[in-house]
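Chemist: Note that the protein sequences, when read in sequence, are chains Y and D. The first sequence lines up with residues 0 to 326 when you count with numbering that gives the first Met the number 0. The second sequence lines up with residues 0 to 431 when you count with numbering that gives the first Met the number 0.
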Amino acid sequence: MKTMTGPDARPALSPEGPAPARRRGRGSRRGRGWVTAILFVLPALVLFALLVLAPILVAGYTSLYKWNGIGPPSNFVGLDNFTRLFASDIFVGDLRNGGILIVLGLLVQLPLSLGLAVMLNQRIRGRAFYRLLFFAPYMLSEAIIGVLFSLILSPEAGLANRMLVSWGLEPWTWLSEPDTVMFSLFLVITWKYFGFHMILYLAGLQGIPRELSEAARIDGAGSWNVFRHVTLPLLGPTIRVSVFLSIIGTIQLFDLVWILTGGGPSHASETMAVSMFEYGFKRSQIGYSSAISVVMFLISLVFALGYQRFVLRRDLEGASTTMGDRR
Amino acid sequence: MLSRRGVVALAVSTLLLGACSTSGEGGGATSGAAAGSEKVTFEFWNLATAEPMKTFWAERIKEYQAAHPNVTIKNIAIENDSYKPKLATLTQSGKAPDLYSTWGGGVLKQHVEAGLVKDLTSDAADVIGGITPAALSAYQFDGKTYGLPTDIGMVGFWYNKALFKKAGITEPPTTWTGFLDTVKKLKADGTTPIALAGKAKWPGHYYWSYLAMRVAGLEAFKQAGTSNDFTGPDFVAAGQKLKELVDLQPFQKGFQGADYSTPDGQAATMGNGKAGMELMGQWAPSVQKDSGKGLGDDLGFFTFPAVEGGKGAPGDAFGGGGGLAVGVNAPPAALDFLKFSLKAENHSKAVKAGGVLPVLKQGEEAAVTDPHVKTVSETLAAATGFQLYLDQEYPPAVGQEINDSVAELIGGTKTPEEVVKSITETAKAESE
Chain Y
0 MKTMTGPDAR PALSPEGPAP ARRRGRGSRR GRGWVTAILF VLPALVLFAL
50 LVLAPILVAG YTSLYKWNGI GPPSNFVGLD NFTRLFASDI FVGDLRNGGI
100 LIVLGLLVQL PLSLGLAVML NQRIRGRAFY RLLFFAPYML SEAIIGVLFS
150 LILSPEAGLA NRMLVSWGLE PWTWLSEPDT VMFSLFLVIT WKYFGFHMIL
200 YLAGLQGIPR ELSEAARIDG AGSWNVFRHV TLPLLGPTIR VSVFLSIIGT
250 IQLFDLVWIL TGGGPSHASE TMAVSMFEYG FKRSQIGYSS AISVVMFLIS
300 LVFALGYQRF VLRRDLEGAS TTMGDRR
Chain D
0 MLSRRGVVAL AVSTLLLGAC STSGEGGGAT SGAAAGSEKV TFEFWNLATA
50 EPMKTFWAER IKEYQAAHPN VTIKNIAIEN DSYKPKLATL TQSGKAPDLY
100 STWGGGVLKQ HVEAGLVKDL TSDAADVIGG ITPAALSAYQ FDGKTYGLPT
150 DIGMVGFWYN KALFKKAGIT EPPTTWTGFL DTVKKLKADG TTPIALAGKA
200 KWPGHYYWSY LAMRVAGLEA FKQAGTSNDF TGPDFVAAGQ KLKELVDLQP
250 FQKGFQGADY STPDGQAATM GNGKAGMELM GQWAPSVQKD SGKGLGDDLG
300 FFTFPAVEGG KGAPGDAFGG GGGLAVGVNA PPAALDFLKF SLKAENHSKA
350 VKAGGVLPVL KQGEEAAVTD PHVKTVSETL AAATGFQLYL DQEYPPAVGQ
400 EINDSVAELI GGTKTPEEVV KSITETAKAE SE
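1. Note down, in chain order, every chain Y residue with its Cβ under 7 angstroms from the Cβ of D/Gly293.
2. Could you tell me the boundaries of the beta strand (DSSP E) in which D/Ala148 lies?
3. Pull out every residue of the stretch 250 to 266 of chain D whose Cβ sits closer than 9 angstroms to any Cβ of chain Y, in chain order.
4. Find the nearest neighbour of Y/Val180 within the set Y/Glu269, Y/Leu300, Y/Val294, Y/Ala43, judged by alpha-carbon distance.
5. In the DSSP assignment, the beta strand (DSSP E) including D/Trp282 goes from what residue to what residue?
6. From the DSSP output, which residues share a beta bridge with D/Phe301?
7. Check the C-beta distance from Y/Glu176 over to Y/Pro264 and give it rounded, since I have them as a contact under 8 angstroms.
8. If I'm right that Y/Ala142 touches Y/Asp218 with Cβ under 8 angstroms, what's the distance once you round it to whole angstroms?
9. Who are the Cβ neighbours of Y/Thr189 in its own chain at under 6 angstroms, not counting the five residues just before and after it?
10. Could you give the distance in angstroms between the alpha-carbon of Y/Val229 and the alpha-carbon of Y/Gly221?
11. Please check if any C-beta of chain Y sits within less than 9 angstroms of the C-beta of D/Gln399.
12. Could you confirm whether any beta carbon from chain Y is found closer than 9 angstroms to the beta carbon of D/Pro394?
13. Please compile the residues from chain D whose C-beta is within a distance smaller than 7 angstroms of the C-beta of Y/Phe47.
14. When the cut-off is 9 angstroms and only beta carbons count, does Y/Gly167 lie next to chain D?
15. Would you say Y/Leu155 lies against chain D (beta-carbon separation less than 9 angstroms)?
16. Can the beta-carbon of D/Ala194 be found closer than 9 angstroms to that of D/Met276?
17. For Y/Ala85, count neighbouring Cβ atoms within 10 angstroms of its own Cβ and tell me buried if that reaches 16, exposed if not.
18. Tell me the residue span of the beta strand (DSSP E) that contains D/Asn45.
19. Can you tell me the Cα-Cα spacing of D/Gly318 and D/Ile151, whole angstroms?
20. Exposed or buried, D/Met279, counting other C-beta atoms within 10 Å across all chains shown (16 or more means buried)?
21. Going by other Cβ atoms of all chains shown within 10 Å of its Cβ, with 16 needed for buried, is D/Ser121 buried or exposed?
22. Just how far apart, CA to CA, sit D/Gly224 and D/Lys38?
23. Counting contacts by CB-CB distance shorter than 9 angstroms, is Y/Asn67 in contact with chain D?
24. Of all the CB atoms in chain Y, is at least one closer than 9 angstroms to the CB of D/Gly114?
25. Could you give the residue range of the beta strand (DSSP E) that holds Y/Asp254?
26. How big is the Cα-Cα spacing for D/Gly410 and D/Gln255?
27. If you scan the stretch 94 to 153 of chain D from start to end, which runs of the alpha helix (DSSP H) of 4 or more residues do you find wholly inside it?
28. Cα separation between D/Gly203 and D/Val405?
29. What residues from chain D crowd round Y/Gln284, counting only those whose CB sits closer than 7 angstroms?
30. Measure the alpha-carbon distance for D/Lys61 versus D/Leu147 and round it to whole angstroms.
31. Just to confirm the assignment, what range does the beta strand (DSSP E) spanning D/Asp315 have?
32. Any idea if Y/Gly214 is buried or exposed, counting beta-carbon neighbours within 10 angstroms, 16 or more meaning buried?
33. Please identify the residue among Y/Gly125, Y/Phe243, Y/Ser87, Y/Val164 whose C-alpha is closest to the C-alpha of Y/Phe309.
34. Our contact map puts Y/Ser283 next to D/Pro96 with C-beta atoms below 8 angstroms; I'd like the distance itself, whole angstroms only.
35. Using a Cβ-Cβ distance under 9 angstroms, would Y/Trp345 count as near chain D?
36. By how many angstroms is the C-alpha of D/Thr268 removed from the C-alpha of D/Ala47?
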């Protein structure tokens, strides 16, 4: 490494070398290294500060005010917005809806993706085609999928109900009743994201050496045991990342819900981000909606740090969150 | 890998990016008089994304620019539902567009209080005198005028004459009891009585508002607006009357997921002859035609029925329109263009095209050719009182809470008492 950089990098004649000169050289090189590093990082850092840190701080500041978004905030209310938030049925409902979607995602969507990935990792005819087909929904934006499914699930003219009727079945309520809307929403979310997780798992599966499962088979393990004791443990890092992405994505879910249901009927499908938009832009209660955004940020942050610290520790050995207790 | 020069270039471009975002500001504010030869550019934010108003504004802009070669008007048409967030984003930075669409009422008042809007009282005095008071009222606060109307209309029941006849209904109902009977008859005949966009929420608030107007009277809305107390027994009674209707299950299947103008929405359901009636504003016939087939001669209009024993006059109308406000830093040309478009010979073209209703006292009646527009226009002219849409009259938070709570009442998750309690809580919190 040190022989590769710097103008005075000359081949060391002997392992001992001229010690003092070398130390001096290394010191100045390290200083220059820092300058280079800072210059490299600066543009990203400026953008990060401008587009990420500053808005977080501003939201934190405005969340302490009762502010309609016009003119500078002046009515300081302390933590009032937060107390109102946690007393609000709508926000508590948001948390519950988010929880439901996370649990369903972990129990249904990810196993489905894993199953498909395992299937498509075998030698079957048209494998590449299936992979492309299953990945395709992920390439569409959430907005497009929202519009697409609002047409498909539309009560009378929608494709879904027309098909049900043509099969002699009763049309279903999909998005139009509080007790079916979450199921329909989850269906659409799964349709969009299962391909993404499937590709993650496929990549993970291809990193598992074939010799291991062969060895297990020679030792007499059946397909299930090979999957359970060889594939699954070695897929661990991929699964942990996929779970992480799935949960963080659900916490921030907005576009799909906004277009499909607007959070309704009667707030039955509302998420935190939808409430934030509703209060911020429709009701002009910017202070209150800032409070929602702050809570959303804190939930994501605590989850992300906790998850990295406790779950991803093995995968991220040496990352900043585990640096303190490196063994 | 990037070279060091590349790093510097990147850093410089980042700085430039920052500089760009500040250099765009402050245009227009310093420009001179409309009549001068100095180049003037101003932005015109409007909602005219659909015909006939799209063409109407394009033509007026062309004419105005031809007469004033130094003026350039940037025509920025934004779809209704994305207009409000877009405008809110701009006003948050303490600015308003030079000339922009407004519905008046609570939102405009917030802009006025923040000093974003020009007071037109004296600058537009010549035009204001010629506008009907009902159309103008939504833009006036404390005797000053902050916007000029380009449209005014009212909400009423649009009904399918053929379906009414089929169900044996000869006359549209005039009382609430009669109305409930009509609903029952339609239902017994196998017709969906009412089309409603539950997802959009605002169409539902028309029912509660009209019922409250009929039960409590117009004065009660004014009082509630100042006392922030909607818990009076009359407001509860309005909710109970609405509950009577909801309990008959009069709406189309899946109405809670239905939007207003989507292919399967309220307007399409009505326009395709799948529902007996809808409670909607003066634009209903054109949207019915746009989203569905349209009913043609089968379409009729009747005013919201009277409620027996109510304090409100049965002739009171509920509605609103649309107008334009001028940003406080706008060049004089913006107001000049607004006045130009409100000249009788110009505005009557919009009326003639069926896009808006007359707002001027004189010179527009002859332009009303469409029979439906004529009906609404005449009913409005004969109205005994006028109430602006509640989601415009009150501050946005209160207006949205009304929409929201009433949607929950219709959805069956809130009682009439809970509705007025939620509205009152929001109104009290807003006024603190």
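Positions of the beta carbon are idealized from the N, C-alpha and C atoms, including for glycine.
Modeler: Taking the structure as given:
1. Result: empty, since nearest Cβ-Cβ is about 17 angstroms, beyond 7 angstroms.
2. The amino acid occupying residue 148 of chain D in the given sequence is Pro; Ala does not appear at that position. In this chain, the beta strand (DSSP E) harbouring D/Pro148 covers 147 to 153.
3. Listed by position, the residues of the stretch 250 to 266 of chain D near chain Y (Cβ gap below 9 angstroms) are Gln251, Lys252, Gly253, Phe254, Gln255, Gly256, Ala257, Asp258, Thr261, Pro262, Asp263, Gly264.
4. Y/Glu269
5. D/Trp282 -> no beta strand (DSSP E), and no H or E assigned at all.
6. D/Phe156
7. 7 angstroms
8. Not really, about 51 angstroms apart at Cβ, beyond 8 angstroms.
9. Gln108
10. 11 angstroms
11. yes
12. yes
13. Proximity of chain D to Y/Phe47 at the Cβ level (cut-off 7 angstroms) is not reached, the minimal Cβ distance being about 11 angstroms.
14. no
15. Checking the sequence shown, residue 155 of chain Y turns out to be Glu, not Leu. Closer than 9 angstroms: yes.
16. D/Met276 is positioned such that its CB atom lies closer than 9 angstroms to that of D/Ala194.
17. Sequence inspection shows Phe at residue 85 of chain Y; the Ala mentioned does not correspond to that position. It is exposed - the Cβ of Y/Phe85 has fewer than 16 other Cβ atoms within 10 Å.
18. 39 to 45 is the span of the beta strand (DSSP E), which, as asked, contains D/Asn45.
19. 8 angstroms
20. buried
21. exposed
22. Computed Cα separation, rounded: 45 angstroms.
23. yes
24. yes
25. Taken as a continuous stretch (DSSP letters only), Y/Asp254 belongs to no beta strand (DSSP E), being part of the alpha helix (DSSP H) at 254 to 259.
26. 7 angstroms
27. 104 to 112, 124 to 127, 132 to 135
28. 7 angstroms
29. Ala396
30. 21 angstroms
31. 315 to 325
32. Checking the sequence shown, residue 214 of chain Y turns out to be Ala, not Gly. Exposed: under 16 other Cβ atoms inside 10 Å.
33. Y/Phe243
34. With a Cβ gap of about 17 angstroms, Y/Ser283 and D/Pro96 do not count as contacting.
35. Lying before the first or after the last residue shown, residue 345 of chain Y is absent from chain Y, which here runs from 0 to 326.
36. 24 angstroms
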